[in-house]
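> Before I ask anything, let me first share the structure, which is written out below as structure tokens.
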Amino acid sequence: MNNPALDSDSDGEVAVSLGGVRRCYALDGGRSLVALAGVDLSIARGSVVAITGPSGSGKSTLLHVIGALEVPDEGRVVVDGQDLRDLSRRELADHRRRLGFVFQGFHLLPALSVADNVIAPVLPVKTAFDKRARSLELLTAVGLEGRARSLPSRLSGGQQQRVAIARALINAPALVLADEPTGNLDSVTGAEIIELLVGLRARDGVTVVIATHDLGVAERCDRVVALRDGRVVADIDVATCADLPAAIAAAMRRPPGE
Ligand SMILES: Nc1ncnc2c1ncn2[C@@H]1O[C@H](COP(=O)(O)OP(=O)(O)O)[C@@H](O)[C@H]1O
Ligand SMILES: [Mg+2]
Numbered sequence: 349m350n351n352p353a354l355d356s357d358s359d360g361e362v363a364v365s366l367g368g369v370r371r372c373y374a375l376d377g378g379r380s381l382v383a384l385a386g387v388d389l390s391i392a393r394g395s396v397v398a399i400t401g402p403s404g405s406g407k408s409t410l411l412h413v414i415g416a417l418e419v420p421d422e423g424r425v426v427v428d429g430q431d432l433r434d435l436s437r438r439e440l441a442d443h444r445r446r447l448g449f450v451f452q453g454f455h456l457l458p459a460l461s462v463a464d465n466v467i468a469p470v471l472p473v474k475t476a477f478d479k480r481a482r483s484l485e486l487l488t489a490v491g492l493e494g495r496a497r498s499l500p501s502r503l504s505g506g507q508q509q510r511v512a513i514a515r516a517l518i519n520a521p522a523l524v525l526a527d528e529p530t531g532n533l534d535s536v537t538g539a540e541i542i543e544l545l546v547g548l549r550a551r552d553g554v555t556v557v558i559a560t561h562d563l564g565v566a567e568r569c570d571r572v573v574a575l576r577d578g579r580v581v582a583d584i585d586v587a588t589c590a591d592l593p594a595a596i597a598a599a600m601r602r603p604p605g606e
């Protein structure tokens with residue numbers, strides 16, 4: 349199904365492709381830290397991909413370069429057939445607006461109602477749709493139709509993450525990027541959030557990329573890409589993998605460069 353070898357940038361079935369992506373951070377004393385050490389990756393449209401790996405392996409950085417929140421030092425990031433290097437600042441801003449971001453910490457605005465939080469990303473722009481109607485529609489889709497007027501502080505963590513997902517969907521994104529979306533949730537609530545994210549693919553053919561170090565989350569995805577020290581060390585088709593935890597553990601143990 350999601351065979352990376354069959355994909356190419358010009359292929360309409362490819363949502364995201366990265367070629368030789370490096371991202372370094374300057375440290376004190378002139379040293380630099382390599383967060384992404386040459387990542388090649390192709391993500392099929394409508395697939396749900398987990399990016400896994402230990403803390404510091406580059407998962408967030410990978411999501412940030414796909415979302416144009418960070419610019420790689422080297423390499424190519426192509427989203428929806430567009431090489432991000434070719435885009436102007438304004439076009440990059442449009443690119444970011446077309447994506448849905450979901451973060452571990454929810455990042456809701458505490459003074460705004462739930463419905464206004466969902467609308468917040470499109471407040472400064474004109475939209476073809478009715479913002480309030482769409483917000484209520486999305487809140488219904490995430491099971492929060494009764495809470496539109498509540499403040500976020502009145503909601504549980506799982507409910508707040510549902511609001512964050514509704515907010516991420518306000519522009520009907522073709523690509524949703526979620527960074528440890530279950531990291532602050534108990535396992536039952538986390539599982540519900542993952543079902544919601546996985547369900548997006550079935551509903552609208554949305555591509556979903558989830559950074560997670562939770563194996564339970566990875567198992568619900570179509571594909572697991574494991575990172576270690578900023579490199580892809582495993583790329584696993586979940587449906588055909590007999591023992592996902594063992595496959596990921598083996599990739600993490602393999603000596604570098606193999
Ligand atoms: N703004 C930054 N400045 C310096 N180092 C950073 C910065 N952001 C991330 N890093 C480093 O880059 C590496 C990868 O980080 P990150 O992508 O956040 O990993 P993960 O999400 O897998 O935990 C880590 O070593 C981290 O400390
Ligand atoms: Mg991270």
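Quick note on this note's numbering: the sequence shown kicks off at 349 and runs consecutively.
Built from N, CA and C at the ideal position, the CB exists for glycine as well.
The structure presented is a predicted model; accordingly, all values stated were derived computationally and were not measured.
1) Measuring only from the beta carbon, is S380 closer than 6 Å to any heavy atom that is part of ligand 4?
2) Is the region 416–435 in contact with the region 459–475, if contact means three or more CB pairs nearer than 8 Å?
3) Measure the alpha-carbon distance for G578 versus V490 and round it to whole angstroms.
4) Going by DSSP in three states, I399 sits in which element: helix, strand or coil?
5) Relative to the alpha-carbon of P402, which residue among A594, P593, L575, Y373 has its alpha-carbon at the smallest distance?
6) Hey, could you find the ends of the beta strand (DSSP E) V524 is sitting in?
7) Whole angstroms is fine: what's the gap from V546's alpha carbon to V565's?
8) If you follow the beta strand (DSSP E) that D583 is part of, which residue opens it and which one closes it?
9) Starting from the C-beta of C589, find all residues in its chain whose C-beta is less than 7 Å away, skip the five residues before and the five after it, and write them out in chain order.
10) For C589, which residues does DSSP report across the bridge?
11) Distance, Cα to Cα, R433 vs R502?
12) Could you spell out where the beta strand (DSSP E) holding V557 opens and where it closes?
13) Taking the straight line between their C-alpha atoms, what separation do you get for G423 and D570?
14) Answer yes or no: the CB of K407 versus the heavy atoms of ligand 1, is any distance below 6 Å?
15) Using 7 Å as the threshold, is the C-beta distance between R393 and L384 below it?
16) For R418, which residues does DSSP report across the bridge?
17) Could you have a look at R379 and say whether DSSP puts it in helix, strand or coil?
18) In terms of residues, what are the limits of the beta strand (DSSP E) holding V364?
19) With a threshold of 6 Å on Cβ separation, who are the neighbours of I467 within its own chain once the five nearest residues in sequence on each side are excluded?
20) State buried or exposed for S408, treating a residue as buried only when at least 16 other CB atoms are found within 10 Å of its CB.
21) Comparing the CB of G531 with every heavy atom of ligand 1, is any distance shorter than 6 Å?
Answer, in terms of the structure:
1) Absence of ligand 4 is noted for the structure shown, with ligand 1 and ligand 2 being the only ligands found.
2) no
3) 34 Å
4) strand
5) L575
6) 523–527
7) 10 Å
8) 579–585
9) A595
10) Paired residue(s): none; C589 is not in a bridge.
11) 42 Å
12) 555–559
13) Computed Cα separation, rounded: 26 Å.
14) yes
15) L384 is positioned such that its CB atom lies no closer than 7 Å to that of R393.
16) Correcting the residue identity first, residue 418 is Glu in this sequence and not Arg. Under DSSP, E418 shares a beta bridge with no residue.
17) coil
18) Residues 362–374.
19) So the qualifying residues of the chain are K479, S483.
20) buried
21) no
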